[in-house]
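For reference, the structure discussed in these notes is given below.
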Amino acid sequence: MKIYRANIIHTPTPGKFEIIPHGYIVVKSNGLIEGIYTELPENMDWRRQVMDFGDKILIPAFNDLHVHAPQYRNMGLALDLELLPWLNTYTFPEETKYADPEYARRMYRRFVHELWMQGTMRSAVFGTIHPESTRILADLFIQAGMGAMVGIVGMNRNSPETLQNTTAELIEGMRMLKAHLDEHGEGLVQPIITPRFVPSCSDKMLRALGEYAAETGMPVQSHLSENRSEISWVKELEPDTTCYGGAYDKYGLFGQTPTLMAHCCYTDGEELELMRKNSVYVVHCPMSNSNLSSGMAPIRKFLNAGINVALGTDVSAGHHMSMLRVMQYAIQVSKLNYAQTKGEMSFLSLSEVFYLATKGGGSFFGKVGSFEPSYEFDALLVDDRYLNYDNYTLEQRLERYIYLGDDRDIKRRFCRGVELTEPCL
Ligand code: GUN
Ligand code: FE
């Protein structure tokens, strides 16, 4: 059992912050939260164990539900094209390098270290087509003690010869990865089925992945309705489906097992209804959508429809690993959407985007992203002393940290109850 005392802030519901000034959080030895207390019960045994963090702020750790590990080297580069030429010109050539496991190890160490640095304790990650490099990535997460869902990417059409796998290679790779993670992942690092997107995957590949999902119950991640040219291309490639999402659904890759779909900038009508019905998650990547001029996802509409929404950096179409930045972009893009729709779609509040970055995304991993009883204790201790030079309220302090803070303000990081000091990767 561990007991921490700090200014505790979390969002059990999106509408408002729950704030416990100088509260206590009791964490059981299995890493699950026992409860939050304003006063500790008269239990001397408990009182002796308190670790007092003074005036610092304790929040749930961040969850990045869409990120490409092999694009790490390109982060902050090459944002002068739209999606399809961007993939061909910059992204596919970089991912091709991951045929070399030594290159993969060198880059992936930096990538996992940076997630740790930025306070992202859980992530849903695209690897490449290369099984060995992707296993190296998964092993780095295990070593770091951080949660992740990691996928070997399926691609067998419309991409360079050197960056394609066959359906058989992909399924074989996923079986090996699953066996490895069943043995070593402790439920914290898990495999996820990862067709890149419809233009990259033949019907045969999608069908095989859908069957593999049905067989194993494994979750799925992909891209959906990100960009107008991509959507018209999918219409040509899959003429007998009535919407882009329908192409995944046809093969059992659209909520038949837990599913993440990044972007959804143009999702509406039938596609939106199918996502709602099948409980498919929208992963909103507003930094990426701005950089690639993709569009503004109608997040308010998704929330009103009761669709699950999470946030993602989408590095390297997103240019930064910080979920703080993604939260800023999410609010700003929602305000542009508000202006564009003449106020029809109200913009997102601070507590709503904080919820999306913590509990919204965390729910894909189970009871993660909140400090409610029986949730896994994933947390960040924030020292905002240089931002807090006047009589700011705790809510204002959190707001300033979200807009003005960075990784240097994070003093401690916890994942599933375990403090993760600098991962020696
Ligand atoms: N669609 C297919 N592949 C990608 C990718 O790597 N990044 C983004 N943003 N969209 C994609
Ligand atoms: Fe992406």
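According to my numbering, the sequence shown is numbered sequentially starting from 16.
Using N, Cα and C, we set each Cβ at its ideal position, and we do this for glycine too.
Everything numeric in this text was worked out from a predicted model, so none of it was measured.
- Beyond the five residues adjoining it in sequence on each side, residue 151 comes within less than 8 Å, by CB distance, of 116, 119, 120, 123 in the same chain, given in chain order.
- Take the alpha-carbon of residue 105 and the one of residue 329: they are about 15 Å apart.
- Straight across, the Cα-Cα distance linking residue 141 with residue 353 is about 32 Å.
- Its Cα nearest to that of residue 199, the residue 160 stands out among 351, 224, 365, 160.
- By the neighbour-count criterion, in which 16 or more other beta carbons inside 10 Å mark a residue as buried, residue 401 falls on the exposed side.
- Relative to the ligand FE, the beta carbon of residue 126 is positioned no closer than 8 Å to any heavy atom.
- Under the DSSP definition of a beta bridge, residue 23 partners with 35, 73.
- Residue 153: member of the alpha helix (DSSP H) spanning 146 to 159, first to last residue.
- Here the C-alpha atom of residue 428 lies approximately 19 Å from the C-alpha atom of residue 64.
- Distance from the C-beta of residue 329 to the nearest heavy atom of the ligand GUN is below 8 Å.
- Residue 210 is bridged by DSSP to 169.
- Between the alpha carbons of residue 103 and residue 213 lies a distance of about 16 Å.
- Beta-carbon to beta-carbon, residue 94 and residue 306 are separated by about 5 Å, close enough to satisfy the 8 Å threshold.
- Inter-residue distance for residue 258 and residue 395 is about 40 Å (C-alpha atoms, whole angstroms).
- Shown here, residue 378 sits in a helix according to DSSP, grouped into three states.
- In this structure, the C-beta of residue 299 stays at least 8 Å away from each heavy atom of the ligand FE.
- Its chain contains 391, 392, 431, 432, 433 as the residues whose beta carbon lies nearer than 7 Å to that of residue 46, once the 5 sequence neighbours on both sides are disregarded; these appear in chain order.
- In the DSSP assignment, residue 326 falls outside any alpha helix (DSSP H) and within the unbroken beta strand (DSSP E) covering 324 to 326.
- In the three-state reduction of the DSSP assignment, residue 102 falls in the helix class, which pools H, G and I.
- Contact annotation, residue 44 with residue 66: C-beta distance approximately 15 Å; criterion of less than 8 Å not satisfied.
- Here the residues close to the ligand GUN, judged by CB distance below 6 Å to any of its heavy atoms, are 83, 98, 102, 106, 211, 212, 238, 241, 303, 329, 332 in chain order.
- Residue environment analysis places residue 177 among the exposed positions, since fewer than 16 neighbouring C-beta atoms fall within 10 angstroms of its C-beta.
- Between the ligand FE and the CB of residue 325, the shortest heavy atom gap is not smaller than 8 Å.
- Contact between residue 172 and residue 377 fails: their C-beta atoms lie close to 35 Å from each other, not under 8 Å.
- Look at residue 261 here: in three-state DSSP terms it is helix.
- For the ligand FE, no non-hydrogen atom lies closer than 8 Å to the CB of residue 262.
- Linking residue 317 to residue 261 through their CA atoms gives a straight-line distance of about 18 Å.
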